[in-house]
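Engineer: Have a look at this one.
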Amino acid sequence: MATLRGETVDRPAVSFYELNGLDENAGDSDPFNIYNDPSWAPLIELARTKTDRIVIREIPFVDNLDNQARPSKQKPILGVPSNPLKNLTAARSYYDQNGSRYIESVIKAKKRVFTSLTRQDPDINTIWTVEHLLKNIDDLKAFLEVELPELTGEPDISVVLNAEEKLGDSGIVMIDTPDPLCLAAQLFDMETYMVIALTAPVLLHQLLDRFASILLAKTEIIARKLPGRLWRIYGPEYASPPYLPPTLFREYVVRYDKQMVDSIHRYGGYVRIHSHGNLHAILDDIVSIGCMALDPIEPPPQGDVDLSYVRRKYGKKLVLFGNLEITDIENLPSAEFSQKVYQAIEQGTFGAGRGFVLMPSASPYGRHLSDISLKNYEKMIEIVENI
């Protein structure tokens with residue numbers, strides 16, 4: 009919290025991103041829980057005892073907090089945003105011969121039926137979209153006639169309060185939310201989304217406006233009930249170069265995300281914008297959103313800007329989270345990886361700035377954690393502790 013507030017700290021904060029030592033349940037025998045593999049145990053303990061833990065929570069809305077079953081505390085699958093279409097959707101699940109789980113979702117609207125299909129493999133902690141809900145611009149036009157459900161109920165803030173109680177002073181909770189563009193873009197495959205974003209901005213804005221009305225209402229209520237927390241807004245990368253030009257980043261991201269950020273700031277919260285890939289052409293626009301932090305600031309060639317450049321130009325306004333690549337953690341010998349860590353710390357902390365958190369761009373998502381990955385995580389802690 010001192011880092012977020014821009015106060016002086018005795019060392020850089022260090023986070024393992026999604027790994028926090030609280031949500032990884034080694035005792036859960038669910039075949040889709042990769043963390044019950046023994047190879048994860050040392051890293052889970054390292055995250056629990058040695059990192060500045062940031063526990064990610066999405067806040068559900070429920071109609072009756074006394075009678076509603078509490079949501080699972082199991083770590084959510086990454087890449088699956090909150091779904092305002094859930095109440096419209098009929099779903100069925102089935103499994104193939106390899107144990108992969110498929111979920112087919114169906115939305116019926118007038119004479120049109122929209123379907124999507126996802127797949128989750130037992131040994132990989134992610135969900136793949138096999139079939140997207142909207143296939144073309146005609147689907148989008150028809151979908152815009154579907155009446156979205158109104159926001160009802162109250163946020164179940166216990167998911168945050170319970171995590172904070174368990175963490176004590178060993179970490180903080182970060183409230184997680186997609187932005188309107190994330191909800192819109194993930195309805196299409198990437199190619200179709202890009203074509204629509206470039207050629208049919210009026211239709212895309214109509215879709216964004218519909219999602220924004222729901223997200224803004226949720227954000228305002230949650231921010232008021234849980235003031236002063238760190239938030240992460242994800243989705244802006246869908247409009248970053250080379251996918252879309254900066255002019256459309258302003259249209260599809262800044263216009264909407266700034267309203268969410270303003271709402272959070274009204275109640276003393278801190279907003280971290282999450283955007284992978286290229287940043288150079290949109291950094292001014294990201295700052296204009298009013299956020300207080302940015303992640304993961306990927307180094308070239310995954311990104312197009314050095315951490316030192318971001319620190320020099322924007323460090324007085326933004327807490328910088330990054331910028332270790334997960335591929336380096338999984339593949340580099342520890343001696344080479346150490347140089348990456350030293351470089352990130354040097355670039356992220358030199359001169360005047362608001363603050364820096366040493367953090368990877370993602371986390372391993374396979375069932376077996378390699379020895380080299382564990383050693384490189386241990387190296388991160390060793391280097392920070394000896395600064």
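All you need for my numbering is the position in the sequence shown, starting with 1, plus 8.
Every residue gets a Cβ at the ideal spot worked out from N, C-alpha and C, and that includes glycine.
For clarity, every value in this text was computed on a predicted model and none was experimentally measured.
(1) Select from LEU382, ALA98, ILE391 the residue whose C-alpha is nearest the C-alpha of TRP48.
(2) Taking the beta carbon of LYS83 as the centre, do at least 16 other beta carbons fall within 10 Å, making it buried, or is it exposed?
(3) Indicate whether at least one CB of chain B lies closer than 7 Å to the CB of GLU172.
(4) Scan the stretch 118–202 and note each continuous alpha helix (DSSP H) run of 4 residues or more that stays entirely inside, going in chain order.
(5) Look at the alpha carbon of VAL261 and the alpha carbon of LEU189, and state the distance between them as a whole number of angstroms.
(6) How many Å lie between ARG127 and ILE111 at the Cα?
(7) In terms of alpha-carbon separation, which member of ALA98, ASN331, MET388, LEU152 lies closest to GLN355?
(8) Within 10 angstroms of the Cβ of ASP36, are there 16 or more other Cβ atoms? Answer buried if so, exposed if not.
(9) Between the stretch 167–183 and the stretch 133–146, are three or more C-beta pairs nearer than 8 Å?
(10) Taking the runs of the alpha helix (DSSP H) that are 4 residues or longer, which of them lie wholly in the stretch 358–394?
(11) Using a Cβ distance threshold of 8 Å, determine whether the stretch 16–33 contacts the stretch 246–265, with at least three qualifying pairs required.
(12) Below 8 Å on the Cβ atoms is my guess for LEU148 versus ALA205; work out the distance and round it to an integer in Å.
(13) Comparing alpha-carbon positions, which option in TYR350, LEU191, ALA301, ARG319 lies nearest MET182?
(14) Roughly how many angstroms lie between the CA atoms of SER108 and ARG100, to the nearest whole one?
(15) Flag this pair as yes or no: are the beta carbons of VAL318 and ILE305 separated by less than 7 Å?
(16) What's the call for LEU152, buried or exposed, on a 16-neighbour Cβ count within 10 Å?
(17) Could you please give the first and the last residue of the uninterrupted beta strand (DSSP E) stretch that includes HIS284?
(18) Does the count of Cβ pairs from the stretch 38–45 and the stretch 366–382 closer than 8 Å reach three?
(19) Specify the secondary structure class of GLN76 as computed by DSSP and reduced to three states.
(20) Please classify ASN394: is it buried, with 16 or more other beta-carbons within 10 angstroms of its beta-carbon, or exposed?
(21) For ASP60, is the beta carbon positioned less than 6 Å from some heavy atom of the ligand GDP?
(22) Near GLY361, what residues of its chain come up, given a Cβ to Cβ distance below 8 Å and the 5 sequence neighbours on each side ignored?
(23) How about LYS58 and ILE389: are their beta carbons less than 7 Å apart?
(24) CB-CB under 7 Å to ILE241, same chain, minus the five flanking residues each way: which ones, in chain order?
(25) How would you call MET198, buried or exposed, if buried means at least 16 neighbouring beta carbons within 10 angstroms?
(26) Please return the same chain residues whose Cβ sits closer than 8 Å to the Cβ of ALA77, not counting the five positions on each side in sequence.
(27) In this structure, what does DSSP give as the bridge partners for LEU332?
(28) Report the rounded CA-to-CA distance for ALA117 versus GLU139, giving the unit in angstroms.
(29) What is the rounded straight-line gap between the Cα of LEU27 and the Cα of ILE64?
(30) Taking the CB atoms as reference points, tell me whether SER271 and GLU228 lie closer together than 7 Å.
(31) Looking at C-alpha atoms only, which residue of LYS119, LEU238, PRO68, PHE364 is the closest neighbour of THR160?
(32) Return the chain-ordered ranges of every alpha helix (DSSP H) run that is complete within the stretch 306–356 and spans a minimum of 4 residues.
(33) Pick out the complete alpha helix (DSSP H) segments inside the stretch 225–289, 4 residues or longer, and give them in chain order.
(34) Where does TYR110 sit, in a helix, a strand or coil, going by DSSP?
Structural biologist: Reading it off the structure:
(1) LEU382
(2) Since pLDDT at LYS83 reaches only 39, below the 50 mark, its modelled position is unreliable, and no value is offered.
(3) In the structure shown, chain B cannot be found, because there is only a single protein chain.
(4) 145–151, 166–175, 188–193
(5) 7 Å
(6) 7 Å
(7) ASN331
(8) exposed
(9) no
(10) 379–393
(11) no
(12) Actually they are not in contact, since the Cβ atoms of LEU148 and ALA205 sit about 11 Å apart, beyond 8 Å.
(13) ALA301
(14) 14 Å
(15) yes
(16) exposed
(17) Note, HIS284: premise wrong, no beta strand (DSSP E); not H, not E.
(18) yes
(19) Low confidence applies here, because GLN76 scores a pLDDT of 45, under 50, leaving its location unreliable; read the following figure in that light. Here GLN76 sits in coil by DSSP.
(20) exposed
(21) Looking for the ligand GDP in the displayed structure turns up nothing, as the structure carries no ligands at all.
(22) ARG319, GLY323, LYS324, LEU328
(23) yes
(24) THR185, ASP187, ASP265, MET268, VAL279, ILE281, HIS282
(25) exposed
(26) With a pLDDT of 42 at ALA77, under the threshold of 50, the modelled position of that residue is not reliable, and the figure given next carries that caveat. Here the set comprises nothing.
(27) PRO368
(28) 18 Å
(29) 9 Å
(30) yes
(31) PRO68
(32) 315–322, 334–339
(33) 254–257, 263–274
(34) strand
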